[in-house]
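Chemist: The structure is given below, and queries will be raised subsequently.
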Amino acid sequence: MAELYQKAYEDLDDYYYKNRNDVVNYIEWLYNHNKDSSLVILATKDNEIIGFIAGDTYYYDKDSSNYVMNIHELVVKKEFRGLGIATQLIYEFINRSKQKNKEKNKKVNGVILWVGKNNQKALKLYTNLGFTIQHKTNKWIKMRMNIA
Ligand SMILES: CC(C)(COP(=O)(O)OP(=O)(O)OC[C@H]1O[C@@H](n2cnc3c(N)ncnc32)[C@H](O)[C@@H]1OP(=O)(O)O)[C@@H](O)C(=O)NCCC(=O)NCCS
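No gaps in the numbering here: position 130 of the sequence shown is 344 in this note's numbering, and each next residue is one more.
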């Protein structure tokens with residue numbers, strides 16, 4: 215997963231951890247930072263990991279003062295892009311989060327994520343799916359999609 219992550223970001227210089235240890239720690243964090251809400255979903259083909267999505271199924275969003283899902287990471291291996299894999303991962307993440315929240319009697323009303331402001335491909339993908347821009351910092355754009 216560390217290699218997939220590093221290769222996926224090699225054209226997007228600004229936005230990723232470069233040091234291998236940092237990447238490994240980051241992936242470890244994605245899996246384990248919150249035992250109740252961390253969710254990682256892998257996309258595989260012939261036993262090879264070709265993409266993954268990671269986030270929190272239940273996360274307090276200060277901006278809206280509400281609980282939401284929060285997507286921290288989404289990567290797809292270059293050779294498999296443009297096939298709808300990221301889109302499928304996002305829907306799968308939303309569905310699994312809804313299921314998990316339902317089991318725990320929790321409810322969220324949206325999904326948020328942060329994307330690099332020069333990351334046109336990802337921005338377009340999220341916009342097409344219905345995410346809208348919440349606010350911007352120097353480097354990052356916060357996006358949100360409402361969900362029932
Ligand atoms: C951003 C990223 C995850 C997108 O992954 P992807 O699997 O290529 O995304 P999708 O295939 O779901 O969607 C991308 C495009 O393919 C199109 N597509 C969807 N299904 C398709 C299909 N069956 N056949 C052809 N194209 C398809 C989508 O409409 C979309 O088109 P667009 O570029 O016109 O918007 C990938 O480019 C990546 O890993 N980038 C580096 C890491 C990164 O930036 N992550 C996001 C951080 S916030």
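Quick reminder that beta carbons are idealized off the backbone N, C-alpha and C, glycines included. Bear in mind the structure is a predicted one, so any value in this text is a computation, not a measurement.
Report the three-state DSSP secondary structure of T271 (helix, strand or coil).
Modeler: strand
Chemist: Per DSSP, which residues does I304 bridge with? Please list them.
Modeler: Its beta-bridge partners do not exist; DSSP assigns none.
Chemist: Would you list the residues sitting across from F266 in a DSSP beta bridge?
Modeler: L256, V289
Chemist: Whole angstroms is fine: what's the gap from G265's alpha carbon to L339's?
Modeler: Going from the Cα of G265 to the Cα of L339 covers about 15 Å.
Chemist: Count the C-beta pairs between the segment 224-239 and the segment 250-263 that are closer than 8 Å, then say yes if the count reaches three, no if not.
Modeler: They do not touch, by the three-pair rule.
Chemist: Assign Y223 to one of three DSSP states: helix, strand, or coil.
Modeler: Y223 falls in the coil class under three-state DSSP.
Chemist: Going straight from the alpha carbon of Q302 to that of K321, what length do you get?
Modeler: 22 Å
Chemist: At a cut-off of 7 Å, is A363 close to ligand 1 when judged by its beta-carbon and the heavy atoms of the ligand?
Modeler: It is not possible to answer for residue 363, since the shown part of the chain is limited to 215 through 362.
Chemist: Looking at T271: is its Cβ nearer than 8 Å to the Cβ of L288?
Modeler: No, the pair does not count as a contact, with Cβ atoms beyond the cut-off.
Chemist: Looking at the unbroken alpha helix (DSSP H) that takes in R358, where does it start and where does it end?
Modeler: Not the alpha helix (DSSP H): R358 falls in the beta strand (DSSP E), residues 354-360.
Chemist: Distance check for I285 and K353, CA to CA, integer angstroms please.
Modeler: So the two alpha carbons sit approximately 17 Å from each other.
Chemist: Among W328, G330, E262, I361, whose alpha-carbon lies nearest the alpha-carbon of N309?
Modeler: Taking only the C-alpha atoms, the option nearest N309 is I361.
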